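These notes concern the structure reproduced below.
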Amino acid sequence: MAQQAPGTGGSARTLTMARAGREAVIAEMRKDPNIFVIGEDIAKLGGVFGTTVGMAEEFGAQRVIDTPISETGFIGIATGAAMAGMRPVVEIAFVDFIGVCFNQIFNFAAKTHYMSGGQFKVPLTMMIGYGGGYNDAAQHSQCLIGTLAHVPGIRIVTPADAYDAKGLMHTCLRDDNLTIWMVHKAIWGLGWLGTAIKTAMATVPEEEYTIPLGQARIWREGTDVTLVGYGITVHHSLQAAEKLAAEGISAEVLDLRTIVPLDREAIMRSVSKTGRLVVADEDYLNCGVTAEVLATIAERNPKILKAPAVRVANPDIPVPFSRPMENFALPDADKIVAAAKSTLRPAAA
Amino acid sequence: MKPTPKQRIWMYEAMLKSRLFDDALFEAYWEGKKPVFHMGKGPLPGEMHQSFGQEPTAVGVCAHLGPDDAVGAGHRPHHVAIARGVNLNRMAAEVFGKKTGLSGGRGGHMHLYDTNVNFFCSGIIAEGMGPGAGIALARKMQKKPGIAVAYNGDGAVNQGAFHEVMNMAALWKLPFVCVIEDNNYAVSVTTRESTVVPAWKRAAGYNCPGEYVEGNDPDLIFEAAARAVQHARAGNGPSILEIQTERLHGHFIGDSAGYRSKDEVAGQKDPIPAYRTRLLDEKVLATPAMEALEAKVQQEVDEALKFARDSEYPAADEALERVYA
């Protein structure tokens, strides 16, 4: 059974991830005047992905700041503001854009606390959209979570549904570090990307709640194979688990939920039980999150695997534009089903 | 606004402290690095960008700053840190990689931080612009007094961060001063070879004041900085203060600067002896008082170096601490 959300009584509604996330930001902004939101198209437009709808009306232009297209500049400015006691929230609509401002993220926001020996804190939260599946090609469809996760000093959360979107946003906003809250565009609940994936909508209480960092979530229990994913690949894995169940295979679906820190114990617990592992990720394969999951088992106890683990991820190609080629690059339920079955096949003699 | 005698004495003292500190580090730097030079050897390892000749830019501006203000320096930060009043013992210890250093040895000479005087560094060219303007934004949003000053070299003005931040600082009228230290070199490339329009003229593009100060002269820098700082304090937004200065040594210790002509090097003027002579000639200080001041500064520097050398190294696994707050 899926984990039961607390407080899903009378006050709960079914929300998209965009609404759930911004509800958390608004609630924290009402309490703490040091929180402000800064980024492109966030005031009048309400965010390219609807993350900031209604905020400018409530908090005004002083706290919901539309910027010029100057990511290096405004991430640097947000970092300095955080060093001086503010708690900025920075929106970067497409993770692909970190290419023009990565220095400010990984050399400043992520390292200032360490390099200053803990003197300066940088309580900065970034809201970032990622992922493909709508033919936006190689510069607007990446995940780059492995890229960000590679850098010390950054916490990365990747909610897969609206309940986690809200709880993890509260967690990020109350953390004194650089935190990145990342949502896959296909599950955000955007009108222009078709109907929201049902499993990403969730009952969300009106009350505030946090979700601890480094705590993975079991969406579906199973005994034959563990399907590990995060964000969009949780939903692919749930569909795959349904298909596998129809063939008599019991799959467990484990959502990493936060990439940094990573819940390595949950990975070990699940794979110890099932003995088989598929890790699905829309990000690049090479040196990615999937490799980190496998490394966890290799380091801690490779004997728990009854069969070689399989990774389903982007085969290290720029995300192509054309539909058949893009589909080739993206993970989906069928690829996960095939991978899961391959772990259950008897080894060749 | 001209500096008072007291301010002029302070400027001389801070310049001298920076110079004597750099002299002491220069000597220590070569320990363990002869006959074969290896940057990572000796008690003072790593890159070392010293401030010889650029001391006036630090004192002329920092003389106007108070405890509410913030200062960001670049990869060549010693003179600015000292003029800002960063704790000299802990700064020396940081440069030596000691546990008692400002950051417990995690930063080194290019990454000096001291929250007691709102001081930080950027080891990456021009990228301290954003954090500097961000502190200015925080002061404005929190309705607190104080301005932010970001130091950059002339090479920084061709980085995107310089333009992006100046545009936003001007757009939002942030209490911010961008100081450009024009030592004519971005490592080996001269300003003329790299920059078609100097930074102070680009101020027109941000609709803010821009000023160029020639002569590497603390008194003239003081006067120009007074205008820039006052502009920021009055809520009128940022300005660009470009200061002609001299890099008397190479880019870092070990750079023989073979790209400079002998004539050019011979023509360089050291600003500190010149200022000393001026203060004596104008009777701001009499010789005995001057010598007493110099002895005091030398003693401070000696003590800082001794503190650094006598301090313990951090335990190796302290490296794991402070990644996260």
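So the protein sequences, as listed, match chains A and B. For the first sequence, the positions run 1 to 349 when the numbering used here is used. For the second sequence, the positions run 1001 to 1325 when the numbering used here is used. Quick reminder that beta carbons are idealized off the backbone N, C-alpha and C, glycines included. Being a predicted model, the structure only gives us computed values, none of them experimental.
Residue nearest to residue i in terms of C-alpha spacing, selected from the options
| i | options | result |
| --- | --- | --- |
| Gln1159(B) | Val293(A), Ala339(A), Asn103(A), Ile98(A) | Asn103(A) |
| Arg323(A) | Val48(A), Met126(A), Gly118(A), Ala138(A) | Ala138(A) |
| Val1177(B) | Val1165(B), Tyr1185(B), Ala1186(B), Val1187(B) | Val1165(B) |
| Gly1066(B) | Gly1146(B), Ile1124(B), Pro1003(B), Met1015(B) | Gly1146(B) |
| Arg1233(B) | Thr1287(B), Ala1148(B), Arg1276(B), Gln1298(B) | Ala1148(B) |
| His1251(B) | Glu1211(B), Pro1288(B), Asn1184(B) | Asn1184(B) |
| Gly153(A) | Tyr163(A), Lys121(A), Leu168(A) | Lys121(A) |
| Ser237(A) | Leu227(A), Ala246(A), Ala245(A), Gly231(A) | Leu227(A) |
| Tyr1113(B) | Phe108(A), Gln119(A), Lys111(A) | Gln119(A) |
| Val37(A) | Ala329(A), Ala12(A), Arg87(A), Asp263(A) | Arg87(A) |
| Arg217(A) | Tyr163(A), Thr195(A), Asp224(A), Asp175(A) | Tyr163(A) |
| Tyr1259(B) | Ala1028(B), Cys1062(B), Ser1188(B) | Ser1188(B) |
| Thr223(A) | Val337(A), Arg276(A), Met169(A) | Arg276(A) |
| Arg345(A) | Asp332(A), Ala309(A), Leu330(A) | Ala309(A) |
| Val1117(B) | Val1086(B), Arg1106(B), Ala1138(B) | Val1086(B) |
| Lys166(A) | Pro315(A), Glu23(A), Val319(A) | Glu23(A) |
Backbone secondary structure at residue i - three-state DSSP
| i | result |
| --- | --- |
| Lys1102(B) | For the record, residue 1102(B) in the displayed sequence is Leu; it is not Lys. In the structure shown, Leu1102(B) sits in coil (DSSP, three-state: anything other than H, G, I, E or B). |
| Ala2(A) | Model confidence at Ala2(A) stands at a pLDDT of 45, short of 50, so the residue's coordinates are unreliable; what they give is reported in the following sentence. Coil, per DSSP. |
| Gly1254(B) | coil |
| Asp1217(B) | coil |
| Thr274(A) | helix |
| Ala93(A) | strand |
| Trp219(A) | strand |
| Tyr209(A) | coil |
| Glu326(A) | helix |
| Phe1307(B) | helix |
| Asp332(A) | coil |
| Leu1171(B) | helix |
| Ala1270(B) | Sequence check: residue 1270(B) is Asp here, not Ala. Coil, per DSSP. |
| Leu227(A) | strand |
| Thr296(A) | helix |
| Cys1121(B) | strand |
| Ile69(A) | coil |
| Ala1286(B) | coil |
| Leu148(A) | helix |
| Arg311(A) | strand |
| Ile38(A) | strand |
| Glu1047(B) | coil |
| Gly7(A) | Model confidence at Gly7(A) stands at a pLDDT of 49, short of 50, so the residue's coordinates are unreliable and nothing is read from them. |
| Tyr1185(B) | strand |
| Ala1136(B) | helix |
| Val64(A) | strand |
| Asp176(A) | coil |
| Ile1009(B) | helix |
| Arg264(A) | helix |
| Ala1325(B) | coil |
| Lys1072(B) | The residue you asked about is not Lys; residue 1072(B) is Gly in the sequence shown. If DSSP states are grouped into helix, strand and coil, Gly1072(B) belongs with the strands. |
| Trp1200(B) | helix |
DSSP beta-bridge partners of residue i
| i | result |
| --- | --- |
| Gly1210(B) | Ile1240(B) |
| His184(A) | Tyr130(A) |
| Gly1060(B) | Gly1060(B) pairs with nothing; no bridge assigned. |
| Tyr1151(B) | Val1179(B) |
| Glu252(A) | Thr226(A) |
| Leu15(A) | Ala202(A) |
| Ala280(A) | Val312(A) |
| Thr1190(B) | Tyr1185(B) |
8 angstroms contact criterion, which residue i and residue j should meet: CB distance rounded
| i | j | result |
| --- | --- | --- |
| Leu124(A) | Val157(A) | About 14 angstroms separates the two Cβ atoms, so there is no contact after all. |
| Arg1076(B) | His1111(B) | Not a contact, Cβ separation roughly 12 angstroms. |
| Val253(A) | Val234(A) | 7 angstroms |
| Ile1240(B) | Ile1180(B) | 7 angstroms |
| Phe1037(B) | His1249(B) | Not really, about 15 angstroms apart at Cβ, beyond 8 angstroms. |
| Gly229(A) | Ala266(A) | In fact, because the Cβ distance is near 13 angstroms, the residues do not count as touching under 8 angstroms. |
| Thr14(A) | Ala202(A) | 7 angstroms |
| Gly131(A) | Lys44(A) | Gly131(A) to Lys44(A), Cβ: 26 angstroms. No contact. |
| Val312(A) | Ala339(A) | 5 angstroms |
| Ile297(A) | Val337(A) | Actually they are not in contact, since the Cβ atoms of Ile297(A) and Val337(A) sit about 22 angstroms apart, beyond 8 angstroms. |
| Tyr1012(B) | Tyr1275(B) | 6 angstroms |
| Thr208(A) | His170(A) | At residue 208(A) the sequence reads Glu, which differs from the Thr that was named. About 6 angstroms; that satisfies the 8 angstroms criterion. |
Residues in the stretch 1088-1112 of chain B having any Cβ partner in chain A nearer than 7 angstroms | Leu1102, Ser1103, Gly1104, Arg1106, Gly1107, His1111
Give the residues from the stretch 75-87 of chain A that approach chain B closer than 8 angstroms (Cβ to any Cβ), ordered along the chain.
-> Ile75, Gly76, Ile77, Ala78, Thr79, Gly80, Ala81, Ala82, Met83, Ala84, Gly85, Met86
Give, in chain order, every residue of the stretch 1153-1174 of chain B whose Cβ lies closer than 7 angstroms to some Cβ of chain A.
-> Gly1160, Ala1161, Glu1164, Val1165, Asn1167, Met1168
Residues of the stretch 1223-1240 of chain B with a CB closer than 9 angstroms to any CB of chain A: list them in chain order, please.
-> none
Of all the residues that make up the stretch 98-122 of chain A, which are near chain B by a beta-carbon distance shorter than 7 angstroms?
-> Asn103, Gln104, Asn107, Phe108, His113, Tyr114, Met115, Ser116, Gly117, Gly118, Gln119, Phe120, Lys121
Quick one, which residues of the stretch 121-139 of chain A are near chain B if we go by CB-CB under 9 angstroms, in chain order?
-> Lys121, Val122, Pro123
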